[in-house]
Amino acid sequence: MFHIYLTVAYLYVLWRFVVPLPIGRYWRALLAVVLLIISKYHLVLIAVYGTMFSPEVPRAAVLIAGWLFCGFVLVMVLTLVTDLICGVLAIRRKVSMDDIFGGRLRSVIAVVALLLSAGGVYQAVQLPDVRRIEVTVEHLPRSLDGLRIVQLTDLHISRLFQADWVEGVASRANALNADAILITGDLIDGTVEARRNDVAPLSKLTAPLGVIAIPGNHEYYFDADQWIAEFKRLGMRVLVNEHVILRKGADQLIVAGVTDEAAPAFGHEGPDLAQALVGAPKDVPTILLKHRPQGAPESAAAGVGLQLSGHTHGGMITGLDLVAGYANQGFISGNYDVGKMKLYVSNGTALWNGFPIRLGVPAEITEIVLRASPTLNEHTARRTFL
Numbered sequence: 000m001f002h003i004y005l006t007v008a009y010l011y012v013l014w015r016f017v018v019p020l021p022i023g024r025y026w027r028a029l030l031a032v033v034l035l036i037i038s039k040y041h042l043v044l045i046a047v048y049g050t051m052f053s054p055e056v057p058r059a060a061v062l063i064a065g066w067l068f069c070g071f072v073l074v075m076v077l078t079l080v081t082d083l084i085c086g087v088l089a090i091r092r093k094v095s096m097d098d099i100f101g102g103r104l105r106s107v108i109a110v111v112a113l114l115l116s117a118g119g120v121y122q123a124v125q126l127p128d129v130r131r132i133e134v135t136v137e138h139l140p141r142s143l144d145g146l147r148i149v150q151l152t153d154l155h156i157s158r159l160f161q162a163d164w165v166e167g168v169a170s171r172a173n174a175l176n177a178d179a180i181l182i183t184g185d186l187i188d189g190t191v192e193a194r195r196n197d198v199a200p201l202s203k204l205t206a207p208l209g210v211i212a213i214p215g216n217h218e219y220y221f222d223a224d225q226w227i228a229e230f231k232r233l234g235m236r237v238l239v240n241e242h243v244i245l246r247k248g249a250d251q252l253i254v255a256g257v258t259d260e261a262a263p264a265f266g267h268e269g270p271d272l273a274q275a276l277v278g279a280p281k282d283v284p285t286i287l288l289k290h291r292p293q294g295a296p297e298s299a300a301a302g303v304g305l306q307l308s309g310h311t312h313g314g315m316i317t318g319l320d321l322v323a324g325y326a327n328q329g330f331i332s333g334n335y336d337v338g339k340m341k342l343y344v345s346n347g348t349a350l351w352n353g354f355p356i357r358l359g360v361p362a363e364i365t366e367i368v369l370r371a372s373p374t375l376n377e378h379t380a381r382r383t384f385l
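Heads up, the sequence shown is in numbering that gives the first Met the number 0, so the first residue is 0 and it goes up one at a time.
Put into structure tokens, the structure is as follows:
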């Protein structure tokens with residue numbers, strides 16, 4: 000469907016942007032061919048490399064290709080929005096749309112799209128800032144109030160996000176001195192052989208209660224078994240439909256992790272929360288690591304206190320996040336109350352190199368402070384004080 004959508008987008012741009020341009024036929028034909036190649040960027044990668052997820056080319060080439068592809072998408076979006084506005088104006092003024100939407104406006108759209116794309120790609124490849132949030136977890140023991148965890152997700156380590164960038168992320172995460180570091184999938188793009196040097200700085204991640212990870216859909220695209228073994232070699236605890244109990248003092252906290260929905264297509268078990276919680280004590284709060292936010296209502300029904308997810312990249316562009324929401328049950332970015340469960344969907348520490356743009360949706364290293372629910376006496380005291 001991804002490639003079908005892009006074909007429809009190209010045909011629309013051809014019809015509404017290229018054909019009406021007041022330039023010679025030769026130049027329109029040349030522009031049409033160039034835009035066709037840009038719109039089929041991912042199919043070109045598949046033809047050359049066998050995958051659209053890991054182009055093994057110089058980083059500069061990935062940046063330029065990403066800039067042009069994102070520019071094409073923005074041309075399509077801006078043309079569509081302009082068509083809608085001009086259509087309304089044409090009806091009200093009883094004139095043709097082309098009398099309003101002329102060649103000069105199309106030139107402006109092209110320039111704005113390329114500039115926005117350049118700015119968005121630049122933003123996307125920077126080291127992410129730290130986003131600090133507090134989350135109240137039901138049944139969290141008072142002694143664990145204030146426990147701090149760092150969530151990393153969607154690092155997509157690739158030719159776009161290389162070893163020096165990974166080193167910076169590890170340094171910023173460690174500087175937070177959190178109790179645990181939890182990674183919710185899509186750490187890589189590429190094979191173990193291609194990415195071994197780039198992922199090496201992940202071995203520097205450290206936290207008293209451990210560094211815990213789960214696979215995302217991209218791990219399954221590149222042999223999840225090999226990657227799970229590599230992550231373990233780097234010092235991570237990888238949860239595959241299983242859980243671990245974290246202990247601090249006399250109290251416990253369950254961290255469960257499930258696989259991704261893409262797993263069955265590659266001969267692996269799909270996400271199974273029931274299996275992940277087998278043998279887990281019933282009276283201990285649970286944090287669930289699940290790459291995709293979809294299925295959160297089922298997690299809540301199973302008694303999970305907090306689900307941490309990624310996958311959506313926050314929608315990447317403000318205003319276009321509805322597309323990401325449509326594919327993820329409306330969960331796109333930030334905090335959600337799902338029954339008694341809290342869901343946090345990170346914007347991602349990085350993103351896929353096939354659409355490397357961020358406009359108004361910053362990447363993040365997430366510092367999460369866990370808070371215990373106020374007791375009945377605290378509620379009463381607060382009401383009395385007010």
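Glycine residues also receive a C-beta, built at the ideal position from the N, C-alpha and C atoms.
The structure displayed is predicted, hence computed values, not measured ones.
> Hey, residue 30 and residue 18: beta-carbon distance below 8 Å or not?
Replying inline: Here the question's residue 30 lines up with position 31 in the sequence shown. Here the question's residue 18 lines up with position 19 in the sequence shown. No, they are not a contact pair.
> CA-CA distance, residue 141 and residue 135?
Replying inline: Counting from one through the sequence shown, the residue named residue 141 turns up at place 142. Counting from one through the sequence shown, the residue named residue 135 turns up at place 136. Their Cα atoms are separated by approximately 11 Å.
> Under a Cβ-count criterion, where at least 16 other Cβ atoms within 10 Å of its own Cβ denotes burial, should residue 200 be classed as buried or exposed?
Replying inline: The count along the sequence shown starts at 1 and reaches residue 200 at position 201. It counts as buried.
> Contact between the segment 347-363 and the segment 306-326: three or more CB pairs below 8 Å?
Replying inline: yes
> Which word fits residue 369, buried or exposed, when buried means at least 16 other C-beta atoms lie within 10 angstroms of its C-beta?
Replying inline: Translated into the one-based positions of the sequence shown, residue 369 becomes position 370. Label assigned to residue 369: buried.
>> Check whether the segment 154-165 and the segment 318-330 touch, using three or more Cβ-Cβ pairs below 8 Å as the test.
In response: no
> Between residue 65 and residue 106, what straight-line distance do the alpha-carbon atoms span, to the nearest angstrom?
Replying inline: Taking the first residue of the sequence shown as 1, we reach residue 65 at position 66. Taking the first residue of the sequence shown as 1, we reach residue 106 at position 107. Residue 65 and residue 106: Cα-Cα distance of roughly 21 Å.
> So what does DSSP say about residue 306, is it helix, strand or coil?
Replying inline: Within the sequence shown, numbered from 1, the residue matching residue 306 stands at position 307. Three-state DSSP puts residue 306 in a strand.
> Since residue 245 and residue 204 are thought to touch, with beta carbons under 8 Å apart, how far apart are those beta carbons, to the nearest angstrom?
Replying inline: In the sequence shown, residue 245 corresponds to position 246, counting from 1. In the sequence shown, residue 204 corresponds to position 205, counting from 1. With a Cβ gap of about 16 Å, residue 245 and residue 204 do not count as contacting.
> Hey, residue 304 and residue 139: beta-carbon distance below 8 Å or not?
Replying inline: Your numbering for residue 304 matches position 305 in the sequence shown. Your numbering for residue 139 matches position 140 in the sequence shown. Yes; because the gap between Cβ atoms is below 8 Å, this pair is in contact.
>> Output needed for residue 256: all residues of its chain with C-beta closer than 6 Å, excluding positions within five of it in sequence on either side, in chain order.
In response: Position 257 of the sequence shown holds residue 256. For residue 256, where only same-chain residues beyond five positions count, the Cβ hits under 6 Å are 213, 238, 288.
> Taking the DSSP output, what are the residues bridged to residue 251?
Replying inline: As a working mapping, residue 251 is identified with position 252 in the sequence shown. Its beta-bridge partners are 246.
> Unbroken alpha helix (DSSP H) runs of length 4 or more, entirely within the segment 283-336: which are they?
Replying inline: 295-300, 320-326
> What did DSSP end up calling residue 129 once you bin it into helix, strand or coil?
Replying inline: Against the sequence shown, residue 129 aligns to sequence position 130. Strand, per DSSP.
> Since residue 185 and residue 233 are thought to touch, with beta carbons under 8 Å apart, how far apart are those beta carbons, to the nearest angstrom?
Replying inline: Reading the sequence shown from its first residue, position 186 is the one you call residue 185. Reading the sequence shown from its first residue, position 234 is the one you call residue 233. Incorrect: roughly 16 Å between the Cβ atoms, too far for contact.
> Roughly how many angstroms lie between the CA atoms of residue 299 and residue 25, to the nearest whole one?
Replying inline: Translated into the one-based positions of the sequence shown, residue 299 becomes position 300. Translated into the one-based positions of the sequence shown, residue 25 becomes position 26. For residue 299 and residue 25, the distance between alpha carbons rounds to 59 Å.
>> Determine whether the beta carbon atoms of residue 111 and residue 77 lie at a separation below 8 Å.
In response: One-based indexing of the sequence shown puts residue 111 at position 112. One-based indexing of the sequence shown puts residue 77 at position 78. Contact flag set, yes.
>> Relative to the C-alpha of residue 190, which candidate in 14, 230, 175, 296 has its C-alpha closest?
In response: Here the question's residue 190 lines up with position 191 in the sequence shown. Comparing Cα-Cα distances from residue 190 to each of 14, 230, 175, 296, the minimum goes to 230.
> beta strand (DSSP E) containing residue 341: first to last residue?
Replying inline: Counting from one through the sequence shown, the residue named residue 341 turns up at place 342. Start and end: 340-344.
> Buried or exposed: which applies to residue 363, given that a residue is buried once 16 or more other Cβ atoms fall within 10 Å of its Cβ?
Replying inline: Here residue 363 corresponds to residue number 364 of the sequence shown, with the count starting at 1. Burial call: buried.
> Nearest-angstrom Cα distance between residue 9 and residue 316?
Replying inline: Within the sequence shown, numbered from 1, the residue matching residue 9 stands at position 10. Within the sequence shown, numbered from 1, the residue matching residue 316 stands at position 317. C-alpha separation (whole angstroms): 20 Å.
>> Which of the three DSSP states is assigned to residue 256 in this structure?
In response: Counting from one through the sequence shown, the residue named residue 256 turns up at place 257. Looking at residue 256 - three-state DSSP - the assignment turns out to be strand.
> Unbroken alpha helix (DSSP H) runs of length 4 or more, entirely within the segment 31-86: which are they?
Replying inline: 40-48
> For residue 302, which option in 332, 228, 340, 74 has the closest C-alpha, if you only look at C-alpha atoms?
Replying inline: As a first step, residue 302 must be located in the sequence shown, where it is residue number 303. The shortest Cα separation from residue 302 among 332, 228, 340, 74 belongs to 340.
> According to DSSP, what are the bridge partners of residue 150?
Replying inline: Residue mapping note: residue 150 aligns to position 151 of the sequence shown, counting from 1. DSSP, once it has assigned bridges, lists 181, 365 as partnering residue 150.
> Going by DSSP, which residues form a beta bridge with residue 370?
Replying inline: Here residue 370 refers to the residue found at position 371 of the sequence shown. Paired residue(s): 135.
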